[in-house]
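Just below is one structure, and these are the notes that go with it.
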Amino acid sequence: MHLEAVDTVGVVGAGTMGNGIAQVAATAGYDVVMRDVSEELVAAGFEDIRASFERLVARGTVKEQEAEAATARITGTTEMTALDDADLVVEAVTEDMDVKQSVFGELDAVCGSDAVLASNTSTLSITTIASATDRPEQVMGLHFMNPVPVMKGVELVVGEHTSDETVALGREFARDIGKETWEADDKPGFVVNRVLMPWINEGIRAYDEGVADKADIDRGLTLGTNVPMGPLELADHIGLDVVLDASETLYEELGDRYKPAYLLKRKVAAGDLGKKSGRGFYDYE
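Rendered as structure tokens:
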């Protein structure tokens with residue numbers, strides 16, 4: 018399949034990543050079908066999309082008419098069969114291998130034989146996800162960064178059987194929706210999380226061990242390494258539960274250097290998950 022043949026993009030999952038992917042694809046002119054397991058989750062996804070567009074319109078990044086037209090191109094559904102006409106489907110569900118394989122097995126049965134299936138996974142094996150299908154050569158990773166409408170990067174992950182044509186389609190699609198890409202082999206954590214998770218966890222340990230207070234740790238890293246936010250603020254932004262899940266996956270695969278910080282586990286156990294819960298390392302209104 019070539020990009021010219023892609024008219025409809027399917028997105029499985031209407032959460033933060035899924036609705037962001039749906040938004041940028043619709044903004045680029047694609048018809049989008051966004052699927053989740055309940056009407057409430059689909060409705061919440063549309064609320065996030067509308068709120069995101071409001072911010073972009075207020076900044077002058079997008080015109081109001083463009084935002085309205087893009088939103089109109091997105092169809093919400095709870096039925097997997099509604100993705101049967103999708104030419105490219107991006108899965109953005111929870112980081113659980115059993116769940117992802119179940120989704121890909123359903124997509125393989127529903128979608129046309131030429132359709133390309135992609136996962137937004139940040140740590141899990143594309144090869145293992147693809148094994149749930151009869152089209153592993155048409156399965157790849159398209160790992161978007163959060164928040165999707167703002168962040169420019171997309172990580173292309175190549176599974177054991179992913180074809181060159183599939184990778185080329187993923188690269189062209191990312192470019193067409195205004196993103197830049199880099200390519201990673203199907204190894205735990207790929208590029209971003211393989212480097213990012215130890216960085217975040219070491220920042221948490223430094224705070225827990227009293228090296229500096231949390232504000233100075235974040236200030237030191239932003240001023241000292243020219244990153245936009247420090248490890249504690251970034252962990253809150255990502256979601257401490259997401260950071261913990263990714264760290265535990267990498268710890269299992271790669272060993273002690275990826276061991277989650279104790280304070281991270283304690284925060285998650287307490288329900289302090291960052292911005293989405295209103296409290297993490299910092300408090301949010």
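The opening position of the sequence shown corresponds to residue 18 in our numbering, with each subsequent residue numbered one higher.
Glycine included, C-beta positions come from ideal geometry on N, C-alpha and C.
Remember, predicted model here, so these are calculated numbers, not experimental data.
In this structure, how does DSSP classify residue i when only helix, strand and coil are distinguished?
i	result
Thr98	helix
Leu267	helix
Ile194	coil
Ser136	strand
Phe161	strand
Glu172	strand
Arg90	coil
Leu141	coil
Val212	helix
Val54	coil
Glu81	helix
Val244	coil
Relative to the C-alpha of residue i, which residue among the options is closest?
i	options	result
Met34	His160, Ala89, Ala60 and Cys128	His160
Gln155	Val209, Val107 and Glu219	Val107
Thr78	Arg90, Asp131, Gly195 and Ala191	Gly195
Met168	Arg188, Ile38, Gly295 and Gly32	Ile38
Arg296	Asp151, Ala263, Ala278 and Leu257	Leu257
Glu189	Val171, Val259, Val212 and Asp102	Val171
Val127	Tyr275, Val116 and Leu105	Leu105
Arg233	Gly247, Asn243, Gly122 and Arg222	The sequence shown places Asp at residue 233, not Arg. Minimum Cα distance to Asp233 is reached at Gly247.
Ala61	Thr150, Asp125 and Thr95	Thr95
Arg152	Ala89, Ala31, Gly227 and Thr183	Thr183
Asp14	Thr111, Leu186, Tyr299 and Asp225	As displayed, the chain neither begins before 18 nor continues past 302, which places residue 14 out of reach and without an answer.
So, is residue i buried or exposed, given that buried needs 16 or more other C-beta atoms within 10 angstroms?
i	result
Ser3	Residue 3 falls outside the range modelled here, since the chain spans only 18 to 302, and no answer is possible.
Gln40	buried
Leu212	Checking the displayed sequence, the identity of residue 212 turns out to be Val instead of Leu. Exposed is the call here.
Leu240	exposed
Pro245	exposed
Lys117	buried
Tyr275	buried
Ser119	exposed
Which one or two residues does DSSP pair with residue i in a beta bridge?
i	result
Gly220	Answer by DSSP bridge pairing: none, since Gly220 is not bridged.
Val49	Val26 and Ile91
Arg296	Gly291 and Asp300
Ala201	Val174
Glu108	Val29 and Ser136
Val156	Leu134
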